[in-house]
Each structure stands twice: as structure tokens, then as C-alpha cells.
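Participant:
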Amino acid sequence: MIRPSIRQFLPAGIAGRGTFRRSAAARFAFAAAVIGHPLSAACAPQGAMPDENGTYQTVHHDYRVVTVADGLMNPWSIAFVPGGDILVTERPGRLRVVRDGMLLPDPVAGVPEVYARGQGGLLDVVLHPDFESNNLIYLSYAKPREDGGSTTQVVRGTFDGSAFTQTDVIFEAVSSGRGHYGCRLAFDGDGYLFLSIGDRQAPPRGDLAAHPAQDLSNHHGVIARLHEDGSIPQDNPFVGVEGALPEIWSYGHRNPQGVAVHPETGAVWLTEHGPQGGDEVNVAKPGLNYGWPVIGYGVNYGSGTPIHATTFQDGMEQPVHYWVPSIGASGLLFYTGDQFPGWKGKLLAGGLALRRVDLLTLDGETVTASETVVSGIGRVRDVRQGPDGFVYLAIDSRSEEATTIVRLEPTE
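According to numbering that gives the first Met the number 0, the stretch in the sequence shown is residues 0 to 411, in order.
Shown next, in the form of C-alpha cells:
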């Protein structure tokens, strides 16, 4: 377990673990000064930028960026279908197919209606582990509610190359709001489906211990663990606990927008999109409380005023790693391919706000080094490894301008 370190208020490429404790007031003042400073981009490590030939140079590899598909609107997630197709979710509510290097003009038919406002819409897509035999895919999205709000829903169905059919809703969250959906999906090696759900922008004020993300009777700020059909595993930590929802695996999260399963241990790793400062890397373990909003390392947007009274409390987990300033964490990958051997076994974490990808070197559950390997490429919404071993990025946009899927290819 880490303790606050002054080094961790430095840019993430410099920060590491430490044992130096500071007063809460001093930490918040320092964090607010860093976050609010106009040099937020300059404070962050500049990382790899292309040379005159378009080559990015990093510690382990030089690479180039190749456009896979453009003309997309707010791409949120990427999935690779056996046979070569690439599925891409567009947040406004379309599931698109890239086939033979071309974005097909027509979206996949049969996608459910989504709440496409603010942060809501069609979000993650993953394939069933046995897709080659059952053709099942899973979609997470913001479902519109009759009261004008929305909730997180997961549907699975058959994908035949052009249509999404034989659909079943396997999960609907007991929480509502217009943001912080989470909505990342991941299967572990045992076939369990993990789903991240954000705190739905419930404001962190008043008695923070009474915040919905600290309440096991709803789905605000949780990781859920399900069987592939949506049924509840009986070894989940809160099965049989009075007042607790049995699908909850861990809680006290803010807005986990990156989920990746460790290729060796099977542990579920997260990146959590923090407030102004305080994006986190966590390992979601059964029954544990990750502290939001009672503890954390960020401050309120705009004002820079404190959210938390402290960064540490007994019974609440410390992050494996965190960023101040925030990178706007979204998309997470354990790289296991052969195209970038120097990245093998390491985490690639995407950033929306600072428009970059960080490479995190691990020793167990400790981050021992951080390098920004992509910079200035746009808002990185998703990070995936293709079956070819290349790294694929979904580049998002706040505006209505078209955005892209790109691929990193080594030049060596």
C-alpha cells in the first residue's frame, strides 16, 4: 500500500511511490497550484512527438502512426473479429465495421436505442470468449429512461457481419444520471464478465461517507462481476449480504474508463477518470472499497477547492498509481504482442485531457517507471491490441468533427 509522496505531485513520468507524508492542506494547495497552472501540458512529460519523417521515438521502440479508419463520429471502443473485421462503437449510437481497410458506409443494424447526450451513448463492445462458435458480442450503453435520465445497460446478441440480432439485456444498473457511465467490459480467463459503472456524477459534498459510491444498495461507482449470461456468480463478495447488490465486486470508484485483465494473474486492473487531478490506476479486488469520494488526490473542477479531507483512511484502498495533473484516463491495455517486445507485460494507459498514452512498467502491483509514448495525437478514448500485435487507438473529439482509428507500427 502506498503513502502520499511529494514526488507523486510531480508529472506522472517523474512520479513514483514514496513514504513522505504531507499535511492534507499542503497537499491540496500544491495540487491545486499544479493543476490550475497554465503550464499543465508543459508540466506533463512531453513524450514521443513525431520527427520530420513522422517517426515517433521512445525508449524501447520507434514507430509510425497509420490511419486505419477516418470519418468516424466519437469512436469509443474497438473490437477485433476473427477473419479481419474491426468493430467500432460511435457514441451517438452506431456500431461500425472496418472491413478490408475500409469503413463500411452502413452501420450494423439492430443496435438498441441509446441516450446519446453528454457522456452518454453507445460505449463499449467486446466479443464473447467463444465468439468463433457462438458469434456473440456484448454492448454497453446509456439507456434512456422515461423520466428523461439514463442508466447503464448491457446487451448481448449475435453478430453476423452486418446485423446485431437475437439480443438479450443481461444487465441494467440500479443507478441513474447523465454522466460517469464507466461502461467498460472485460472477460477474464475464467469467463467472468466485469463491468465498470461510474458514480453517475453524484456530487461529492456533505457527508462523503454517505455518497452513493459508498452505498452497496446501488450501482454508483462499482465494478460488477457477472456470468456471461448476466447471472450472478455465487462466490461474489456481497452475495447474501443484507442490503448489498450481489453483482458488486468492488466499490468506491469514481469513473473507471479503462479495464484490463492481467495476462498472468487474471487480476482486473482499472484506470479511473478522476476529478481535477487524481486519475488513478487500481486493481479491483473482491469486496474492497476504493475510497471515492472520501479519499483521493484531486480537487474540484474550476475552483480547485478540496473534495477530500484526507488522502488515506483505514479500510479504503490506495491506488497503485495516480496522475496529477490528470491525463483524463480512458482505455487500458496489457500489451502481450511481439511487435513491441520492449512493451511486453506493461500497461498502456490512454489519456483524453492530455492527449497521450503512458507506458507503465510494473513490478507486481507497483509502478516502477512511466513513459509517455504517444503525445499530441488527439483525445485517446480506447487502447487495444490487434491480432497482428499492433496497438490501435480510438481518437475521440469533443466537437462534431470526424475522428479516427489509428495503428502504431514499429519502424525497426
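Glycine residues also receive a C-beta, built at the ideal position from the N, C-alpha and C atoms.
May I have the straight-line CA-CA distance separating E145 from G344, to the nearest angstrom?
Facilitator: Taking the sequence shown and counting its residues from 1, the one referred to as residue 145 is at position 146. Taking the sequence shown and counting its residues from 1, the one referred to as residue 344 is at position 345. Those two C-alpha atoms are separated by around 45 Å.
Participant: Is the CB-CB distance between V280 and A348 below 9 Å?
Facilitator: For this step, residue 280 is matched to residue 281 along the sequence shown. For this step, residue 348 is matched to residue 349 along the sequence shown. Yes, these two residues count as a Cβ contact at 9 Å.
Participant: Rounded to whole angstroms, what is the Cα-Cα separation between V125 and A393?
Facilitator: Position 126 of the sequence shown, counting from 1, holds the residue named residue 125. Position 394 of the sequence shown, counting from 1, holds the residue named residue 393. Each residue's alpha carbon lies about 15 Å from the other.
Participant: Can you check whether the CB of P232 is closer than 9 Å to the CB of L225?
Facilitator: By 1-based counting over the sequence shown, the position of residue 225 is 226. By 1-based counting over the sequence shown, the position of residue 232 is 233. In this structure, P232 lies closer than 9 Å to L225 by Cβ.
Participant: Under the rule that 16 or more other beta-carbon atoms within 10 Å means buried, what is E246, buried or exposed?
Facilitator: Translated into the one-based positions of the sequence shown, residue 246 becomes position 247. That one is buried.
Participant: Would a C-beta distance cut-off of 9 Å place V282 and A266 closer than the cut-off?
Facilitator: Position 283 of the sequence shown, counted from the first residue, corresponds to residue 282. Position 267 of the sequence shown, counted from the first residue, corresponds to residue 266. Against a cut-off of 9 Å, the Cβ pair of A266 and V282 comes out as a contact.
Participant: Identify the continuous beta strand (DSSP E) that holds S149 and give its terminal residues.
Facilitator: The sequence position of residue 149 within the sequence shown is 150, counting from 1. Its beta strand (DSSP E) spans residues 149-158.
Participant: So, H252 versus I222, is the Cβ gap smaller than 9 Å?
Facilitator: Translated into the one-based positions of the sequence shown, residue 252 becomes position 253. Translated into the one-based positions of the sequence shown, residue 222 becomes position 223. Yes; because the gap between Cβ atoms is below 9 Å, this pair is in contact.
Participant: Under a three-way DSSP split, which group does S374 fall into?
Facilitator: Here residue 374 is taken as the residue at index 375 of the sequence shown, counted from 1. Looking at S374 - three-state DSSP - the assignment turns out to be strand.
Participant: At the level of alpha carbons, what is the spacing between R355 and Q338?
Facilitator: Position 356 of the sequence shown, counting from 1, holds the residue named residue 355. Position 339 of the sequence shown, counting from 1, holds the residue named residue 338. C-alpha separation (whole angstroms): 20 Å.
Participant: Can you give me the Cβ contacts of G445 inside the same chain, cut-off strictly under 7 Å, excluding the 5 residues immediately before and after it?
Facilitator: Since the displayed the chain opens at 0 and closes at 411, residue 445 lies outside it and no answer follows.
Participant: To the nearest angstrom, report how far apart E227 and S132 are at their CA atoms.
Facilitator: Here residue 227 corresponds to residue number 228 of the sequence shown, with the count starting at 1. Here residue 132 corresponds to residue number 133 of the sequence shown, with the count starting at 1. Taking the straight line from one Cα to the other gives about 15 Å.
Participant: My parser needs the beta strand (DSSP E) runs of 3 or more residues fully inside the region 189-228; what are they?
Facilitator: The beta strand (DSSP E) runs lying completely inside the region 189-228 and spanning 3 residues or more are 192-196, 221-225, given in chain order.
Participant: Look at the alpha carbon of H272 and the alpha carbon of P104, and state the distance between them as a whole number of angstroms.
Facilitator: Looking up residue 272 in the sequence shown gives position 273. Looking up residue 104 in the sequence shown gives position 105. Cα to Cα, H272 sits roughly 33 Å from P104.
Participant: Given a cut-off of 9 Å on the beta-carbon distance, is the pair G301 and G327 in contact?
Facilitator: Numbered from 1 along the sequence shown, position 302 holds the residue referred to as residue 301. Numbered from 1 along the sequence shown, position 328 holds the residue referred to as residue 327. No, Cβ-Cβ distance for G301 and G327 is not below 9 Å.
Participant: According to DSSP, which residues form a beta bridge with T57?
Facilitator: As a working note, residue 57 is residue 58 in the sequence shown. Answer is none; T57 lacks a bridge partner.
Participant: Distance check for F79 and P340, CA to CA, integer angstroms please.
Facilitator: Here residue 340 corresponds to residue number 341 of the sequence shown, with the count starting at 1. Here residue 79 corresponds to residue number 80 of the sequence shown, with the count starting at 1. Their backbone Cα atoms lie some 21 Å apart in a straight line.
Participant: For E316, does the count of other Cβ atoms within 10 angstroms reach 16, so buried, or fall short, so exposed?
Facilitator: Taking the first residue of the sequence shown as 1, we reach residue 316 at position 317. Buried is the call here.
Participant: Start and end of the alpha helix (DSSP H) containing S132?
Facilitator: Residue numbering aside, residue 132 sits at position 133 when the sequence shown is read from its first letter. For S132, the enclosing alpha helix (DSSP H) begins and ends at 130-133.
Participant: Looking only at C-alpha atoms, which of G190, G290, Y321 sits nearest to A308?
Facilitator: Locating residue 308 in the sequence shown gives position 309, where the first residue counts as 1. Cα-wise, what sits closest to A308 is G290.
Participant: With distance defined between alpha-carbon atoms, name the residue in H210, G181, R204, D189 nearest to G197.
Facilitator: As a position in the sequence shown, residue 197 is number 198, starting the count at 1. Nearest option by C-alpha distance: G181.
Participant: So for W322, helix, strand or coil by DSSP?
Facilitator: Within the sequence shown, the letter at position 323 stands for residue 322. DSSP places W322 in strand when its eight states are reduced to three.
Participant: For the candidate residues R397, T54, F333, whose alpha-carbon lies nearest to that of A259?
Facilitator: As a position in the sequence shown, residue 259 is number 260, starting the count at 1. Per the Cα distances, F333.
Participant: Are the CB atoms of R383 and G330 within a distance shorter than 9 Å?
Facilitator: Numbered from its first residue, the sequence shown carries residue 330 at position 331. Numbered from its first residue, the sequence shown carries residue 383 at position 384. Yes, they are a contact pair.
Participant: Taking only the alpha-carbon atoms, compute the straight-line gap between F311 and M101 and give it to the nearest angstrom.
Facilitator: If you number the sequence shown from 1, residue 311 lands on position 312. If you number the sequence shown from 1, residue 101 lands on position 102. Whole-angstrom Cα-Cα distance: 50 Å.
Participant: Between which residues of its own chain and S139 is the CB-CB distance below 6 Å, once the five residues before and five after are set aside?
Facilitator: Locating residue 139 in the sequence shown gives position 140, counting from the first residue. Closer than 6 Å at Cβ, skipping near neighbours: L122, D123, V153, C182, L184.
Participant: When you compare only the Cα positions, how much space is there between G160 and V110?
Facilitator: Along the sequence shown, one-based indexing puts residue 160 at 161. Along the sequence shown, one-based indexing puts residue 110 at 111. Rounded to whole angstroms, G160 to V110 spans 13 Å at the Cα level.
Participant: Round the Cβ separation of L94 and F186 to the nearest angstrom and send it over; I've been treating them as touching at under 8 Å.
Facilitator: As a first step, residue 94 must be located in the sequence shown, where it is residue number 95. As a first step, residue 186 must be located in the sequence shown, where it is residue number 187. Wrong, their Cβ atoms sit about 19 Å apart, outside the cutoff.
Participant: How far does the beta strand (DSSP E) with A352 in it reach, from first residue to last?
Facilitator: Sequence index remark: in the sequence shown, residue 352 carries index 353 (1-based). Taken as a continuous stretch (DSSP letters only), A352 belongs to no beta strand (DSSP E), as it is neither H nor E.
Participant: Does DSSP put W291 in a helix, in a strand, or in coil?
Facilitator: By 1-based counting over the sequence shown, the position of residue 291 is 292. Here W291 sits in coil by DSSP.
Participant: Given S249, which residues of its chain have a CB within under 6 Å of its CB, disregarding the five upstream and five downstream residues?
Facilitator: Here residue 249 refers to the residue found at position 250 of the sequence shown. Around S249: I222, A283, L287.
Participant: What are the complete beta strand (DSSP E) segments, minimum 3 residues, inside the region 250-283?
Facilitator: 255-260, 267-271, 278-283
Participant: In or out: V173 buried (at least 16 other Cβ within 10 Å) or exposed?
Facilitator: Locating residue 173 in the sequence shown gives position 174, counting from the first residue. Per the 10 Å Cβ criterion, exposed.
Participant: Could you give the distance in angstroms between the alpha-carbon of D99 and the alpha-carbon of D167?
Facilitator: Sequence index remark: in the sequence shown, residue 99 carries index 100 (1-based). Sequence index remark: in the sequence shown, residue 167 carries index 168 (1-based). Straight-line measurement puts the Cα of D167 at about 30 Å from the Cα of D99.
Participant: Output needed for Q165: all residues of its chain with C-beta closer than 8 Å, excluding positions within five of it in sequence on either side, in chain order.
Facilitator: As a first step, residue 165 must be located in the sequence shown, where it is residue number 166. Only G156, T157 meet the Cβ criterion.
Participant: Sort out for me which residues DSSP pairs A68 with in a bridge.
Facilitator: For this step, residue 68 is matched to residue 69 along the sequence shown. BP columns for A68 point to I404.
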